[in-house]
Structure formats: structure tokens, C-alpha cells
Amino acid sequence: STKSSGNNSSETCAEFRVKYVGAIEKLQFDMSKMLQEPLDLINFIDAAQQDGKLPFVPGDKEMILFVSKHGVKVASLDQCDVLHRHPLYLIVRMLCYDDGLGAGKNLLALKTTDPEQEGCTIWVYQCSSSEQAQSICKVLSASFDCALASDK
Amino acid sequence: IYKSAVTTVVNPKYEGK
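Sequence lines, in order, name chains A and B.
My numbering puts the first sequence at residues 1 to 152.
My numbering puts the second sequence at residues 1 to 17.
Here is the structure:
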């Protein structure tokens, strides 16, 4: 088809195959204030893994993570069920870093809040490589810019 | 666990939160 896709940034939408590590839900707001700096968030996830609240290695079930100006959606590989839905306006920040286990895998931490902004949840996914993690961050950043531009 | 490069994307709506 002659429809050109991709260059029109407002239609930015991308799909990535990731694995789900886990989530730490319903953190109180004062706790979320402590999780602003990237290293604090990484240490928090590390501690959760050491305490067994989060596994070190995700299940081997792959999922598809969609990033667009609507936010982040995670669906099963056959896209029959939507597993997680993070609206863009509830996404506070996204962080990606090497999981340190030496296999070049990157962890993707998504900090979301609730509409009343009283608490926050940390969602952790595993990407297959840092390149994939970087592209996810790029698309999300473009989606924030696009949402900001349309707010004006 | 040593963490190398870290990339952060912040929603402008929550800058500083």
C-alpha cells in the first residue's frame, strides 16, 4: 500500500517483545518521593529482588509491549488478551538499565501513579537487549513530546 | 550487582515528582 508509515510522529506506535518480571504495587506517595533518582529506583528493585518480592529472572512467557501516544500496553503474544494497560498520563517515568547478570539483558522499570497521584506502582519488564530498551525509551519520549505538543 | 548505562525518560507532567 502507498500509505507511508512512521514518519508522521503523532502516529508513533511501536511493538517490542519483552518478558514480565513483576510489579511492586500501591507504594505510598512519600515512598514514591524517595524513588525519583534513577539509582534509588534501581536499588529499590534490587532490594525487592533480594527480599523475594520480585524474581531475579522473569518467567519465560514472552509478551508484546506496545508504546504509543496513548501509553504503554502489554498483551499476550497472540494479542488475544491485554495484560497491562498504562495510560500515558499515569506514567511518571521509565528507566532502563543492564540487569548486571552478564547476559546483556536490560530491565525496564515503569513508574506509574494513580489518577489521584496518592501512590505509585513499579512495573518491571526484561528486554532482550539494550538496543531494544533504548528504542522503547525513544518511542515513549516521542509520545510524551507528542502529548505535550497537543496539550498546548 | 553493578549497573552500567542507565536511561531515564520522565513524563514532563511529573517533572520533579
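Glycine included, C-beta positions come from ideal geometry on N, C-alpha and C.
Since the structure is predicted, the reported quantities are computational estimates derived from the model, not experimental observations.
Residue i to residue j span [Cα, whole Å]
i, j, result
"S5(A)", "C127(A)", "Annotation note: pLDDT 47 at S5(A) (below 50); position unreliable, no value reported."
"T7(B)", "C80(A)", "31 Å"
"N11(B)", "A109(A)", "14 Å"
"T113(A)", "K138(A)", "21 Å"
"H84(A)", "M63(A)", "10 Å"
"S76(A)", "F16(A)", "12 Å"
"L90(A)", "A103(A)", "32 Å"
"E25(A)", "S129(A)", "26 Å"
"Q117(A)", "L88(A)", "14 Å"
"V67(A)", "S32(A)", "23 Å"
"E15(B)", "M34(A)", "14 Å"
"F44(A)", "D51(A)", "10 Å"
"G71(A)", "D145(A)", "12 Å"
Cutoff 7 Å; reference residue i; Cβ partners in own chain excluding five residues on either side
i, result
"I1(B)", "In this prediction, I1(B) has a pLDDT of 49, which is less than 50 and means its spatial position is unreliable; nothing more can be read from the coordinates."
"A48(A)", "I24 and L54"
Anticipated Cβ contact below 8 Å, residue i with residue j, distance rounded
i, j, result
"S135(A)", "A14(A)", "7 Å"
"R93(A)", "K111(A)", "5 Å"
Test: residue i CB closer than 7 Å to a CB of chain B
i, result
"M34(A)", "no"
"C137(A)", "yes"
"P162(A)", "The structure shown does not extend to residue 162(A), since chain A is modelled only from 1 to 152, so the question has no answer here."
"F56(A)", "no"
"K19(A)", "no"
"S76(A)", "no"
"S143(A)", "no"
Other residues of its chain near residue i: CB distance less than 6 Å, five sequence neighbours each side excluded
i, result
"L95(A)", "P38, L41 and A109"
Heavy atom of the ligand FMN within 6 Å of residue i beta-carbon
i, result
"V57(A)", "Among the components of this structure there are no ligands whatsoever, and the ligand FMN is therefore not found."
Closer than 7 Å to chain C by CB, residue i
i, result
"L148(A)", "Of the protein chains in the structure, A and B, none is chain C."
Relative to chain B, which residues along the region 117-128 of chain A have a C-beta separation below 7 Å, given in chain order? Cβ contacts with chain B come from no residue of the region 117-128 of chain A.
Members of the region 82-103 of chain A near chain B, C-beta cut-off 8 Å: Residues of the region 82-103 of chain A with a C-beta atom less than 8 Å from some C-beta of chain B are L88, Y89, I91, V92, R93, M94, L95, C96, Y97, D98, D99, G100 and L101, listed in chain order.
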